[in-house]
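In full-length UniProt numbering, the protein residues as written are 1 to 228.
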């Protein structure tokens with residue numbers, strides 16, 4: 001039985017979605033905000049997530065980004081935001097599809113079935129995917145904890161955000177501009193000295209030899225990447 005997580009803070013709509021999904025033999029869980037949704041994905045391992053963007057505690061885009069750090073569960077955004085920029089932002093963050101409110105239930109069910117079909121290994125979204133291990137340190141993205149040689153490593157919020165972005169894109173170079181805008185905001189893009197300082201902090205805390213890093217790699221003049 002396909003398990004779906006419905007994330008919406010509108011009680012009437014959430015009940016409607018749950019009722020219709022159960023009537024079509026889906027197993028359904030629900031969450032009313034972003035934090036609850038992240039916990040539910042780790043706990044119940046859904047086969048797909050129906051996600052509203054306008055949540056009370058955090059924007060749905062942030063939920064998508066957080067999930068994509070450790071899970072490939074299919075995400076179908078169900079939102080009242082009609083602008084093309086909102087759709088692009090959600091899809092760029094890692095959503096699989098986007099449907100606007102009000103919607104036809106038949107269309108939503110068809111799109112849901114399609115995103116589940118396109119992700120044959122969607123069941124591999126256990127909480128242990130959130131744990132990234134190297135020979136030197138371990139990072140738990142869900143618990144937001146890092147350990148090195150058995151000891152907890154204390155990271156500042158900025159250091160953690162930077163590390164999280166790199167791990168979410170593991171194996172791929174992330175440009176300096178993208179990192180700056182992701183971590184510090186859209187008005188940043190040229191302050192590369194910020195990156196040098198914070199990457200140096202991360203390497204001192206996590207790498208065995210900070211001057212010759214094995215995991216937090218610099219692509220000179222371009223960006224950085226994380227290698228497990």
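Built from N, CA and C at the ideal position, the CB exists for glycine as well.
For residue i, the first and last residue of its enclosing alpha helix (DSSP H)
i: residue 198; result: 192–206
i: residue 180; result: 176–183
Residue range of the unbroken beta strand (DSSP E) whose run includes residue i
i: residue 223; result: 223–226
i: residue 100; result: 97–100
i: residue 168; result: Residue 168 -> not in any beta strand (DSSP E); alpha helix (DSSP H) instead, spanning 157–168.
i: residue 147; result: 145–148
i: residue 133; result: 131–133
i: residue 216; result: 216–219
i: residue 140; result: 137–140
Proximity below 9 Å, CB of residue i to CB of residue j
i: residue 108; j: residue 17; result: yes
i: residue 141; j: residue 224; result: no
i: residue 28; j: residue 38; result: no
i: residue 215; j: residue 206; result: yes
i: residue 112; j: residue 162; result: no
i: residue 144; j: residue 160; result: yes
i: residue 149; j: residue 137; result: yes
i: residue 131; j: residue 70; result: yes
i: residue 147; j: residue 68; result: no
i: residue 30; j: residue 42; result: no
Same chain only: Cβ atoms within 7 Å of residue i, ignoring 5 sequence neighbours per side
i: residue 128; result: For residue 128, the predicted model reports a pLDDT of 47, less than 50, meaning its position is unreliable and no value from the coordinates is stated.
i: residue 126; result: Note on residue 126: pLDDT 44, under 50, position unreliable in the model; the coordinate value appears next. Excluding positions up to five away in sequence, the list reads 45.
i: residue 189; result: 177, 180, 181
i: residue 11; result: none
i: residue 87; result: 98
i: residue 101; result: 78, 79, 80
Sequence-distant residues of the same chain with beta carbon closer than 6 Å to residue i, five excluded per side
i: residue 97; result: 76, 111, 115
i: residue 58; result: 34
i: residue 26; result: 2, 4
i: residue 307; result: Because the chain spans 1 through 228 in this model, residue 307 falls outside it and cannot be assessed.
i: residue 219; result: 173
Spatial neighbours of residue i in its chain, beta-carbon cut-off 8 Å, leaving aside the 5 residues before and after
i: residue 90; result: 53, 60, 61, 64, 77, 79, 98
inquiry  = Below 8 Å, how does it come out for the segment 7–14 and the segment 44–52: are there three or more Cβ pairs, yes or no?
reply    = yes
message = Quick check: the segment 73–80 against the segment 20–35, are at least 3 beta-carbon pairs closer than 8 Å?
response = no
query = In chain order, which continuous runs of the alpha helix (DSSP H) of length 4 or greater are located wholly inside the UniProt domain "Response regulatory" (3–116)?
reply = 11–23, 34–44, 60–68, 84–93
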